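Residue numbers (the UniProt record's numbering): 1 to 216.
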């Protein structure tokens, strides 16, 4: 294995671990809430055994809370499954709009820790690209993460996916000009390596206060 291939493999594992760790935290939160409500139901049963009448409203609230968390857990697991299968094919035809919508959904917990969920703007027609889905997701998250760090508390990152001549582009806007990274700081060496694999290019547009991800 060449040094470059080894570095790509290590970066892929690191990215997968970062996302998986966030997802596992979300699942733990779901289980904690379900467990809390299960404990409440057990308390109500014990109280009823001592002759204290059951309160339908409390039972209903606990049941509804558990149902909400089951639905939340199901969504989280489906997202994790979809993310895991993004590594199935070395190259595939895909609609860029799907990736742009999926990554903020997949990383919602990490995004909320930094600020607001991004605003997404996509055309009504598909934006086709032929690439490696897993590493494209890596680059979208790298750019979004950087944009979030350069966004003030009252701002919202805007993600725009659009076709361009000979390819497609994702623009990350809504960035504080004072916090916009320089080309020497972003993209990182790891992101540059992944971009090279995809034939992509990440640029920091100082005049537009945006980060651009260009895809062939």
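Glycine is no exception: its CB is placed at the ideal position from the N, C-alpha and C atoms.
Since this is a predicted model, take the numbers as computed values, not measurements.
Counted within 10 angstroms of its Cβ, other Cβ atoms place residue 24 as buried (16 or more) or exposed: Exposed is the label assigned to residue 24, since fewer than 16 other Cβ atoms lie within 10 Å of its Cβ.
Supposed contact pair residue 99 and residue 64 - C-beta distance, whole angstroms, cut 8 Å: Under the criterion of beta carbons closer than 8 Å, residue 64 and residue 99 do not qualify as touching, at roughly 34 Å.
Closest residue to residue 78 among 102, 48, 156, 17 (Cα-Cα distance): 102
Identified DSSP bridge partners for residue 164: 167
Close-in-space but distant-in-sequence residues of the same chain around residue 161 (CB under 6 Å, 5 per side omitted): 96, 97, 100, 122, 127, 170
Buried or exposed (CB count within 10 angstroms, at least 16 for buried), residue 218: Only positions 1 to 216 of the chain appear in the structure, and residue 218 is not among them; the question remains open.
Environment of residue 153 [buried if 16+ CB atoms lie within 10 Å]: exposed
8 Å Cβ cutoff met for residue 193 and residue 215: It is not a contact, given that the beta carbons lie outside the stated cut-off.
Beta bridge counterpart(s) of residue 204 as assigned by DSSP: 211
Reduced DSSP secondary structure (H/G/I, E/B, other) of residue 172: strand
Backbone secondary structure at residue 86 - three-state DSSP: coil
Beta strand (DSSP E) segment containing residue 120, residue limits: 119–121
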